[in-house]
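Have a look at the structure below, then the notes.
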Amino acid sequence: MLYATRSNTQGMASSVYVIRGKVNADGVATWSTPLLLGESTSSHSRFIVGSIAGSPNGNVIVTWLGKNNCLSDSYEKPPALCTFLMFSRYENTTGTWSAPEPLTDFPDLLGFSQVHEPAIDDAGNIAIHHLYWEPKEGSDKGEIVERRAISYRPAGHTQWQRHIFKNINVADRSVFSMDNSGNMIWASSAKQKTGRVNVMVSRGTFDGGFEDVRIMDSRQSGGSLSAAHINKGYAAVQWVQTIGSSDIRFVAVADVGNDWQVNDIGRAWFDGSANNTAGFIANTAKVFPLVVGDGGRVYAYNLMPGGEFADANSDKCYVYVKDGVGGQWSQQELPKGVPCLGKWSGFFVNTFNRNGDLLTISGEGRWSVYSAATNKIIRSFSGPSLNGRNGFDPVQVLPRMVAAYNNNGEAALVVSSAYEQLPTETSGGILRNGYYNLWGFIR
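So for the sequence shown, my numbering puts the first residue at 134; every next one is plus one.
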């Protein structure tokens, strides 16, 4: 296990650290001494933090924003300092981190901090989804055009390749996924001048680059991308579109070399007028999780009560399952105990393994596991909470919970908080302004 965090001292830059963890046969975790990777750009914003990704064999890549000498093609010119998207990679075979390197600069620090999604596979191929800038055509005032881009570099190479998506702006929703064989998928929903929303997708490989953007849906103004995932070359993209008076959920699937198949898998039970708001986009990703399993099986969860064959007042939740490109979608009612949005209060985080199993951590510090193979709860929310108390204080913890769950049934949870000393059953803990400590819970 590995996690990236940051420390902050008032009036000083923030430091980016990584911590490696190992769980032994008895379930006991040991954590390494924090390793300093670099300095971030801001001493006042906790939202400008690092992103991290790893491969099954233990390769890791971390990205963050940092200051570095401007380059000749930077927005600012030498000898000024520029804000760069920085990265460092960990090679599992050597056990070493690479020296931090700048990938690209960006003039808009606030916007730049919102998007940097790294990925790495067992072979050491790396890719990063990020913002990119170009000079505005015909402007001599230093104006820029903000783009989405994916920079990728094959293992053993020093030169980056970059694919720039020019048909959307940075305010549009975009997602990126890469599997362990270097297959990539990018998807976006972008509002057009006509008022309609285009749902777009592009697949890519390290050898062949990215294909032309494919418009999957452009029928109405209510289109909203939810998720995209790729595994062993088998890709799935999910979005919600307003059809008449209903919000309909669509999933498109494709494997390597074959065209997309699009299916309607039922109502989404959202107010269509809200489809392009930030809240709606966040909710679709939270209550409609999507995962592609190792065997080419697609799991499209519906954690909003109601479904294709239920009315809007139903308290039932579902998972839609498709076996391979040629398979048919089937709907399974989820057993009681799976946290539907309408049944559970407070915040929670969901994560999946590559079997499609669902691990849920609740705001009360409790957790449950749902088995996709048996359609049963194999651990419920009953029992003691993870931190030995009745729950996390959401004001102090914030909705900053990151979980991981592997195919062997082992799970880890990291919570950023403002506690210097953790709470116990008898003590409320000690708080310090500016501290965002790491909590690790492993089973």
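Every residue gets a Cβ at the ideal spot worked out from N, C-alpha and C, and that includes glycine.
query	result
Candidates Tyr-434, Asn-157, Ser-378, Val-346: closest to Phe-485 by CA position	Tyr-434
Terminal residues of the beta strand (DSSP E) in which Asn-201 lies	193 to 202
For Asn-225 and Gly-342, the rounded distance between their alpha carbons	26 Å
Pair within 8 Å by beta-carbon distance, Ser-310 and Ser-321	no
Buried versus exposed call for Asp-254 [16 or more other C-beta atoms within 10 Å across all chains shown]	buried
Cβ pair Val-386, Gly-489 closer than 8 Å	no
Proximity test, Cβ basis, 8 Å: Gly-542 and chain C	Chain labels in this structure do not include chain C; a single protein chain is all it has.
Given 8 Å, three or more beta-carbon pairs between the stretch 328 to 335 and the stretch 269 to 281	no
Where Val-420 falls: helix, strand or coil (DSSP)	helix
Alpha-carbon spacing of Phe-383 relative to Lys-155, whole angstroms	40 Å
Stretch-stretch touch, CB-based, cutoff 8 Å, three pairs: the stretch 219 to 238 with the stretch 257 to 272	yes
Proximity of Gln-371 and Gly-356 at Cβ, strictly below 8 Å	no
Span of the beta strand (DSSP E) around Cys-215	214 to 224
Other residues of its chain near Ala-323: CB distance less than 6 Å, five sequence neighbours each side excluded	Ile-301, Asp-305, Asn-331
Those residues which DSSP pairs with Gln-465 across a bridge	Val-452
Anticipated Cβ contact below 8 Å, Phe-220 with Pro-287, distance rounded	The pair is not a contact, with the Cβ atoms about 15 Å apart (cut-off 8 Å).
Three-way DSSP call (helix, strand, coil) for Thr-237 in this model	strand
Beta-carbon spacing of Asn-313, Pro-422 below 8 Å	no
For Val-502, the three-state DSSP class (helix, strand or coil)	strand
Trp-393 in three-state terms, based on DSSP	coil
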